[in-house]
Each structure stands twice: as C-alpha cells, then as structure tokens.
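According to numbering that gives the first Met the number 0, the stretch in the sequence shown is residues 0 to 289, in order.
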Amino acid sequence: MRSHPTTVGERDRLGGVATPYAASVTSPSLTLTLWAGAWLGGHASPDDVIDALHTWAPTHVLCAADDDVARSAGLPERGVVDGAATLLTTVRTVDTVRAAGLRLVLAAPGDARGLPAGTAFAAAAMDARQGILVGVPGAPGAGLVPVVEGPDVLRWTVFTVDPIPDPGAVPSLGEAEFAIREAVRDAAATLAGIPTVGSGTDIGDPRSRIASAAAELARHRYPSSLPVRAARVLDSADQVEAILTVAAGGGAERAGSASGTSGREEALRALSSALRVARSGAVAAALHGH
C-alpha cells in the first residue's frame, strides 16, 4: 500500500507554489539498480528486469564511453548495442560480487554526493541527475548513465570508474523515513510563511494534479523481494515527488517578492535533497541489508 507522508493542507501549500525549480524524478537508474539487484540475488528473472525497464522506454541501447570499458564490459568500441538484455549482461560482467556491487547515485547541481570527482561518469551523471556505480569500492569498476535519445529510446552509456569511490555514510531506513517527514514539515512551514499574490493563471486543482503525478510515478513497479520498510520509504518519496512535480509546474499563486521566491526555491531544493538521500538509502538497504 502506498503511504501518504503529507496532510491535505500541506499538499495544498506545496502544490500552489510557482517555481522554475525542477525536482529529481524517480529514475531509470533506480529501476535498474533495484531490479538488477533482485535478479543477481536470485529473486527475479532477467525477463522481470527487462519488463521493468520497458516501462521507461520500449527500446534500450548501450554504448561504451571509452575503449577500456568496452573491453572490460564486452562492448563494441564504436557504435551501440541494442537491447535491455545486453544491459543486464554488462552489469553481470562488471559486477563480479553480485548485487553487492551495485549503487544508485542521484545528483543535482550543488549535490555531488557519491560521485567520483573529476570523472567523465560524474559529469554525465550530474547532467542526467542520476547514474549507477557497478563494482567494489577501492577497485576498478564502471558507471552507467541513461539519457533519453528519443520518444521511445533510452541510451545507456558505460564509463570506466577507477576506483569505485567509498559510498560514505548511508542513512538507515528509519533515518530516511524521519528525514522525509522533517523535510516536508520544514518546507510546508517555510512556504506557509511567505506572502503570495495571484498569478492570474488557473491551471487546475492542485490535489487532482498531485494525484495524477503520483499515478504516473506508480507505473514503475518494485521487486516483490523489496523489504516492506524500504518500499514504504520509496512510496513516501514518490508521494512527495508528486508534490514537487506540481510545484515545478506553477500554480495559481506566486511569491510576492524576490526574497519570497528565493525562499520557496530553497525550501523545495532542501525537500528534493531529502528525497535523493532517502531513495539512495532505501535502495542500499534493499541491496545490502542495511
């Protein structure tokens, strides 16, 4: 069952925000990390993983960013390889320690946590705001970054990462749940205290728009082996993500001053950061039993 971390009042205050800020959406990288982990751990079939990936796009293509990773991952040095099945073969080839070598990375401008500094993978993952590290910390590995190449095509680029960085502190599931609740409360309190003026544009009821955004996120299934508490954290993050998606699209009211606009953007930025941390923690817990 989906959990609902905010009250209707909190959703209304957040949903009416007009801001250019873009939220960090639930991602193909999260889907592949969870499902590939379930597959490598013996809890899902390759077809299960491919079906989950096809929810994002019917066609997946894979290419190597450099000759070294092409040789280590068994990819051609030039051009692309078609098929999500090849993506799974590449992950298994690089991840010699099974699911323990998979790590979700969610990034945003000003938040490079988990990225190997100064690498081509880090630059690509920052642009895409997502990626996957494959390999054991301290040893050579690879990074995968998905990019939409067309309405029906998702391109995954494989990068050399040497060495795989240490993951740093990973929040427990309890800490992740608490962080989401606190971030929602803080954002709601901040936004409620900012004077607003009408935008002159009626773009519909925020609650129905939030419900629509949440339904879109709910299209993406989790493996049945996902621990209940990790699923609850991810569901909570998706519910708040729906609020951020509506907020990013504008609303009937806007901040009445430049300082108010800045305050709103900062509140939503902090909320999105909490979602990235919570999602990363939930996925790590699911894969590694934290």
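Positions of the beta carbon are idealized from the N, C-alpha and C atoms, including for glycine.
Q) Going by the beta-carbon positions, is the gap between residue 169 and residue 40 smaller than 7 Å? A) For the purposes of this step, residue 169 is taken as residue 170 along the sequence shown, with counting starting at 1. For the purposes of this step, residue 40 is taken as residue 41 along the sequence shown, with counting starting at 1. No. Outside cutoff.
Q) Does DSSP put residue 64 in a helix, in a strand, or in coil? A) One-based indexing of the sequence shown puts residue 64 at position 65. The answer is coil: DSSP assigns residue 64 none of H, G, I, E or B.
Q: Starting from the C-beta of residue 84, find all residues in its chain whose C-beta is less than 7 Å away, skip the five residues before and the five after it, and write them out in chain order.
A: Numbered from 1 along the sequence shown, position 85 holds the residue referred to as residue 84. In its chain, beyond the 5 residues on either side, 45 and 49 have a beta carbon closer than 7 Å to the beta carbon of residue 84.
Q: Tell me, please, whether the stretch 54-61 touches the stretch 140-159 by the rule of three or more beta-carbon pairs shorter than 8 Å.
A: Result yes; three or more Cβ-Cβ pairs closer than 8 Å.
Q.
Suppose contacts are defined by Cβ-Cβ distances below 7 Å. Is residue 283 in contact with residue 229 by that definition?
A. Here the question's residue 283 lines up with position 284 in the sequence shown. Here the question's residue 229 lines up with position 230 in the sequence shown. Contact: no.
Q | Inter-residue spacing [alpha-carbon to alpha-carbon] between residue 232 and residue 103 | A | Position 233 of the sequence shown, counted from the start, is the residue given in the question as residue 232. Position 104 of the sequence shown, counted from the start, is the residue given in the question as residue 103. Distance between the alpha carbons of residue 232 and residue 103 is about 15 Å.
Q) By the 10 Å Cβ neighbour count, where 16 or more other Cβ atoms means buried, how is residue 276 classified, buried or exposed? A) Translated into positions along the sequence shown, residue 276 becomes position 277. So residue 276 ends up on the buried side.
Q. Considering only C-alpha positions, which residue in the set 25, 32 and 183 is nearest to residue 287?
A. Position 288 of the sequence shown, counted from the start, is the residue given in the question as residue 287. The shortest Cα separation from residue 287 among 25, 32 and 183 belongs to 32.
Q) Between residue 125 and the rest of its own chain, which residues show a CB-CB distance below 6 Å, the 5 nearest in sequence each way excluded? A) Taking the first residue of the sequence shown as position 1, residue 125 is located at position 126. Same-chain partners within the cutoff: 106.
Q. How many whole angstroms separate the CB atoms of residue 73 and residue 92, which I take to be in contact at a CB cut-off of 8 Å?
A. Locating residue 73 in the sequence shown gives position 74, counting from the first residue. Locating residue 92 in the sequence shown gives position 93, counting from the first residue. Between residue 73 and residue 92, the beta carbon gap of about 5 Å places them in contact (Cβ cut-off 8 Å).
Q.
Buried or exposed, going by whether 16 or more other CB atoms sit within 10 Å of the CB of residue 196?
A. Here residue 196 corresponds to residue number 197 of the sequence shown, with the count starting at 1. Any reading at residue 196 must be qualified, since the residue scores a pLDDT of 46, below 50, and its modelled position is unreliable; the value itself is stated next. Label assigned to residue 196: exposed.
**Q.** Helix, strand or coil at residue 126 [DSSP, three-state]
**A.** For the purposes of this step, residue 126 is identified with residue 127 of the sequence shown, where counting begins at 1. Helix, per DSSP.
Q | For residue 55, three-class secondary structure by DSSP | A | Numbered from its first residue, the sequence shown carries residue 55 at position 56. It is coil, neither helix nor strand.
Q: Measure the alpha-carbon distance for residue 47 versus residue 34 and round it to whole angstroms.
A: Locating residue 47 in the sequence shown gives position 48, where the first residue counts as 1. Locating residue 34 in the sequence shown gives position 35, where the first residue counts as 1. Residue 47 and residue 34: Cα-Cα distance of roughly 8 Å.
Q: Quick one: grab the DSSP three-state call for residue 76.
A: If you number the sequence shown from 1, residue 76 lands on position 77. In this structure, residue 76 counts as coil in the three-state DSSP scheme.
Q: Taking only beta-carbon positions, decide if residue 40 is within less than 7 Å of chain D.
A: Reference to chain D is not applicable here, since this structure consists of a single protein chain.
Q: Give the range of the alpha helix (DSSP H) segment to which residue 93 is assigned.
A: Counted from its first residue, the sequence shown places residue 93 at position 94. Residues 83-93.
Q.
Please report the distance separating the alpha-carbon of residue 55 from that of residue 225.
A. Walking along the sequence shown from the start, residue 55 turns up at place 56. Walking along the sequence shown from the start, residue 225 turns up at place 226. Whole-angstrom Cα-Cα distance: 20 Å.
Q: Measure the Cβ-Cβ separation of residue 292 and residue 179 and say whether it is below 7 Å.
A: Lying before the first or after the last residue shown, residue 292 is absent from the chain, which here runs from 0 to 289.
Q.
According to DSSP, is residue 360 part of a helix, a strand, or is it coil?
A. Absent from the model: residue 360. The displayed extent of the chain is 0 to 289, so no value can be given.
Q.
On the DSSP letters alone, give me the boundaries of the alpha helix (DSSP H) that residue 159 sits inside.
A. Numbered from its first residue, the sequence shown carries residue 159 at position 160. Run containing residue 159: none in the alpha helix (DSSP H); it sits in the beta strand (DSSP E), 152-160.
(Q) For a test of the three-state rule: what should DSSP assign to residue 48, helix, strand or coil? (A) Start at 1 with the first residue of the sequence shown, and residue 48 comes out as number 49. Judged by DSSP in its simplified three-state form, residue 48 adopts helix.
Q.
So if DSSP puts residue 102 in a beta bridge, which residue, or which two residues, is it bridged to?
A. As a working note, residue 102 is residue 103 in the sequence shown. When DSSP reads this structure, residue 102 sits in a beta bridge with 132.
Q: Figure out for me which residue from 151, 139, 109 and 69 has the closest Cα to the Cα of residue 165.
A: Locating residue 165 in the sequence shown gives position 166, where the first residue counts as 1. The residue with the shortest Cα to Cα distance from residue 165 is 139.
**Q.** Neighbour-count burial assignment, residue 27, 16 or more Cβ in a 10 Å radius
**A.** Taking the first residue of the sequence shown as 1, we reach residue 27 at position 28. Buried, by the Cβ-count rule.
Q.
Measuring straight from C-alpha to C-alpha, what distance separates residue 90 and residue 29?
A. Position 91 of the sequence shown, counted from the start, is the residue given in the question as residue 90. Position 30 of the sequence shown, counted from the start, is the residue given in the question as residue 29. C-alpha separation (whole angstroms): 14 Å.
Q) How about residue 66: is its Cβ closer than 6 Å to a heavy atom in the ligand SAH? A) Although the ligand SAH was asked about, the structure shown includes no ligands whatsoever.
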